[in-house]
Amino acid sequence: MPTLKGTNHPLAAAAGQLRILNQPGAPVKPFHQALAGSGLHPLLATGIQVFQLNVGKLCNQTCRHCHVDAGPDRREIMSRETAELCMKKLAPTDIPVVDITGGAPELNPNFRWIVDEAKRQGRRVMDRCNLTVLLLPSQADLAEFLAARQVEVVASLPHYSAERTDAQRGENVFEKSIQALRLLNGLGYGAPDGALQLNLVYNPTGAFLPPAQHAVEADFRRELRRRHGVEFNRLYTIANMPISRFLEFLLRTGNYDGYMQRLIQAYNPRAAAAVMCRYTLSIGWDGVLYDCDFNQMIELTVNHGAPTHIRDFDLAVLARRRIVTGQHCYGCTAGAGSSCGGATA
């Protein structure tokens, strides 16, 4: 079985992760071969619809599945200078969506400035929220801030049961998440056809693919409403990527080979054609450019002649760039597909 033995910080060692994912002994068909069999190699961008800002790895939680390896001890934070440069480069474009993620993005001291600037530019703004951050004393007015600006909240909630949520995210996280959801509901979030969108994100708690998105959404809606009186608009299913903390879990439990084989066998050409990297540009906390947030976490920058830093942003080139792929990409193309917006096929 592959291991991460010999690295000082296994989850931060991107090169080590790539060696594991691509090692000859693992039961993996090269991802580019799967793309070629679908007529999709090389994989090309179809434009940029989402300007995704990862504003840092600081978080008030330490989740077992976190592909960002975020936590309270992380110090990578997007500076005001980089934030201003990002918004300056965005201004003359017609990219409609600004997707703010982390870590807990709200803990970046420039988060509210970014939201206000994006709204001033007329963009749709999404906040990828872990819910419990809304209850921190330092963020007492955060929910009201988001509601006043009609920011779409995309909230991670592993399950509608406390046991399964806390197993993945930490003790009492579920109870705090429900409290935060009720707070958002009280402000008008989650109402059918309302202006304040509250969407949940579900990912499995083990080494398996998520069930059908519509079925999971129906279960969550029924159980959250029945047990807690909580409402939401949509639910997105996301597969766990074999990187960072989830990769460590796979290796530690002996599930790595089986999980990779499961992803490969479930490869779906329709999901591959709709992967989020084709219409998303991901900007790291330091301004480095990536095709997606997952590539960012294993330091696979934009390549093939495209600009690699926001200071050199060129919309015409980046909108038609060749996407950098690897074995972890099977996570986005298995079954119904997986993206920051849920299933893709």
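Numbered by the working numbering, the letters in the sequence shown go through residues 56 to 400 in order. Think of the CB as a built atom: it goes at the ideal place given N, C-alpha and C, for glycine as much as any other residue. No experiment lies behind these values; they were computed from the predicted model shown.
For Ser232, the number of other beta carbons within 10 angstroms of its own is at least 16, and it is reported as buried.
In the structure shown, Ile298 falls within a coil segment according to DSSP collapsed to helix, strand and coil. Per DSSP, the continuous alpha helix (DSSP H) segment holding Cys387 begins and ends at 385–388. Ranked by how close their Cα comes to the Cα of Glu172, the residues Leu189, Glu161, Cys141 have Cys141 in first place. Unbroken beta strand (DSSP E) runs of no fewer than 3 residues, entirely contained in the stretch 226–299, are found at 253–257, 289–292, following chain order.
In this structure Arg376 is buried. Its beta-carbon is surrounded by 16 or more other beta-carbon atoms within 10 angstroms.
Exclusion of the five residues before and after Ala374 leaves Ala100, Gly102, Ile103 as the residues of its chain whose Cβ lies within less than 7 Å of its Cβ. Inter-residue distance for Ala270 and Asn115 is about 31 Å (C-alpha atoms, whole angstroms). The three-state secondary structure of Thr187, taken from DSSP, is helix. Per the DSSP secondary-structure output, Gln107 pairs in a beta bridge with Asp154, Ser337.
Take the alpha-carbon of Leu90 and the one of Pro192: they are about 48 Å apart. In the displayed model, Met315 falls within a helix according to three-state DSSP.
Going by beta carbons, Leu190 and Ala159 fall outside the 7 Å limit. Per DSSP, Ala391 is not a residue of any beta strand (DSSP E), being assigned neither H nor E. In the DSSP annotation of this structure, Val372 is not part of any beta strand (DSSP E); the continuous alpha helix (DSSP H) holding it starts and ends at 370–373. The criterion of a C-beta distance shorter than 7 Å is not satisfied by Tyr314 and Leu302. Pairing Ile293 with Val256 gives a Cβ-Cβ distance under 7 Å. Beyond the five residues adjoining it in sequence on each side, Pro266 comes within less than 8 Å, by CB distance, of Thr292 in the same chain, given in chain order. DSSP lists His364 as the beta-bridge partner residues of Val343. For the pair Val379 and Asp346, the CB atoms are nearer than the 7 Å cut-off.
As the crow flies, the alpha-carbon of Asp221 is around 11 Å from that of Tyr215.
In the DSSP secondary-structure assignment, Val180 is bridged to Val153. For Gln382, the number of other beta carbons within 10 angstroms of its own is at least 16, and it is reported as buried.
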